[in-house]
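Per my numbering, the sequence shown starts with residue -6, numbered consecutively.
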Amino acid sequence: MEIIPPAIDPLSPKNLPLPEATARQVLNWIGVHPDRPLVTQVARFDPWKDPLGVISAYRLAREEVAGLQLALVGSMALDDPEGWEVYRAILTESEADPLIHVFTNLTGVGNIEVNAFQRLSRLVVQKSIREGFGLVVSEALWKGTPVVAGRAGGIPLQMADGVGGILVDGVDDCAKAMLRLLRQPAEAVEMATQGQEWVRRHFLLPRMLLNELSLIHDLLSERPSRHPSFIADNRRDPVCGMIVLETSAKLRETFGEEQRVLL
Ligand code: UDP
């Protein structure tokens, strides 16, 4: 099996360069104070994205960072009753807290707003407990914003611990990682810069296009697939030829032994 991981489109409204002044205006207009520190999670309102865990971790961090704001930005599907339940639980938990902002696509928060949030947040959280790929991680890293993310699904493939941000396993861990990045801005910038470069090399659309074209070419010519890859041959499994990434154990668990990840 060949696995071609997803990628983000750097020219789409969600990811295109947005001048800081414009991003600040966008956030200001929807009621978020651009001069106060902000952390954001952009995710469907879904139990596996653990928004209530994000609120708990944020509250722990806020004890030490006065005025810290949290934005939870989630898309709502009209046919997803579970999403509405999670949304109601988030509102109940946050309604008396003026520093927690909850937004949805139904209240007008679309791609440009997500772009502004991912750009201006001091850090982006993706506290997933289970995850498919977690595209939001690459989206934030591409904008030079460090990420605190659950060690789940495709997240470690986009972000090794310490490269782009910090991988976490629970609420306390998440709060500690947030505090570390908030208190040590130089380290946060360094991690974010490395993460941005990793995304530039591996998670933008041209890499995916190249993988797909190579695969089609190899299928048509009935040759085993080549890997237009940054991965040195000594990182391939000598038996099955699978690329041995730090994250491959998790992927192997998900996809079985016969997978190869094309990056
Ligand atoms: N997204 C969005 N608005 C929201 C929530 C999510 O535009 O309010 C986008 C997000 O930017 C990303 C996608 O939806 O591009 C979610 O993809 P991901 O792989 O992170 O999670 P999934 O929802 O597929 O589990």
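Using N, Cα and C, we set each Cβ at its ideal position, and we do this for glycine too.
If you drop the 5 nearest sequence neighbours on each side, which residues of the same chain put their C-beta closer than 7 Å to that of A70? As a first step, residue 70 is located in the sequence shown; it is residue number 77 there, counting from the start. Taken in chain order, the residues that qualify are G76.
Using the three-state DSSP reduction, which class does Q177 fall into: helix, strand or coil? For this step, residue 177 is matched to residue 184 along the sequence shown. Coil.
Taking contact to mean at least 3 C-beta pairs separated by less than 8 Å, is the region 179 to 195 in contact with the region 131 to 141? Touching, per the Cβ criterion.
Looking at the structure shown, is I122 part of a helix, part of a strand, or coil, going by DSSP? Numbered from 1 along the sequence shown, position 129 holds the residue referred to as residue 122. In the three-state reduction of the DSSP assignment, I122 falls in the coil class, being assigned neither a helical nor a strand state.
Can you give the Cα-Cα distance for P40 and V79, rounded to whole angstroms? Position 47 of the sequence shown, counted from the first residue, corresponds to residue 40. Position 86 of the sequence shown, counted from the first residue, corresponds to residue 79. Roughly 7 Å separates the two Cα atoms.
Same chain only: Cβ atoms within 7 Å of T240, ignoring 5 sequence neighbours per side: To locate residue 240, count along the sequence shown from 1; it is residue 247. Because the pLDDT of T240 is 44, which lies under 50, any placement of that residue in the model is unreliable, and the number read from its coordinates should be weighed accordingly. Around T240: P149, L150.
Given this structure, state the Cα-to-Cα distance separating V232 from Q62, to the nearest angstrom. Taking the first residue of the sequence shown as position 1, residue 232 is located at position 239. Taking the first residue of the sequence shown as position 1, residue 62 is located at position 69. Since pLDDT at V232 reaches only 40, below the 50 mark, its modelled position is unreliable, and the value read off the structure follows with that caveat. So the two alpha carbons sit approximately 50 Å from each other.
Within the present structure, is the beta-carbon of E75 separated from the nearest heavy atom of ligand 1 by less than 7 Å? Mapped onto the sequence shown, residue 75 falls at position 82. Set against 7 Å, the gap from the CB of E75 to the closest heavy atom of ligand 1 is not smaller.
Between V32 and V118, how many whole angstroms is the CB-CB distance? I'm expecting something under 8 Å. By 1-based counting over the sequence shown, the position of residue 32 is 39. By 1-based counting over the sequence shown, the position of residue 118 is 125. With 8 Å as the limit, V32 and V118 qualify as a contact, their Cβ atoms being about 6 Å apart.
According to DSSP, is F110 helix, strand or coil? The residue given as residue 110 occupies position 117 in the sequence shown. Correct three-state label for F110: helix.
Within the region 51 to 96, note down every full alpha helix (DSSP H) run reaching 4 residues or more, in order along the chain. 74 to 87
Thinking I105 and V95 are a contact (beta carbons under 8 Å), I'd like their distance in whole angstroms, please. Position 112 of the sequence shown, counting from 1, holds the residue named residue 105. Position 102 of the sequence shown, counting from 1, holds the residue named residue 95. That belief does not hold up - the Cβ atoms of I105 and V95 are roughly 18 Å apart, past 8 Å.
Roughly how many angstroms separate the alpha carbons of G127 and R216, rounded to a whole number? Sequence index remark: in the sequence shown, residue 127 carries index 134 (1-based). Sequence index remark: in the sequence shown, residue 216 carries index 223 (1-based). Taking the straight line joining both Cα atoms gives about 32 Å.
I148 lies in the alpha helix (DSSP H); which residues open and close that run? Residue mapping note: residue 148 aligns to position 155 of the sequence shown, counting from 1. Segment 148 to 151, the alpha helix (DSSP H) holding I148.
Tell me whether G125 counts as near ligand 1, meaning its Cβ is closer than 7 Å to at least one heavy atom of that ligand. Mapped onto the sequence shown, residue 125 falls at position 132. Flag set: Cβ of G125 near ligand 1.
Take the Cβ of P12 as the centre, count every other Cβ of all protein chains shown within 10 Å, and call the residue buried at 16 or more, exposed below. Against the sequence shown, residue 12 aligns to sequence position 19. Label assigned to P12: exposed.
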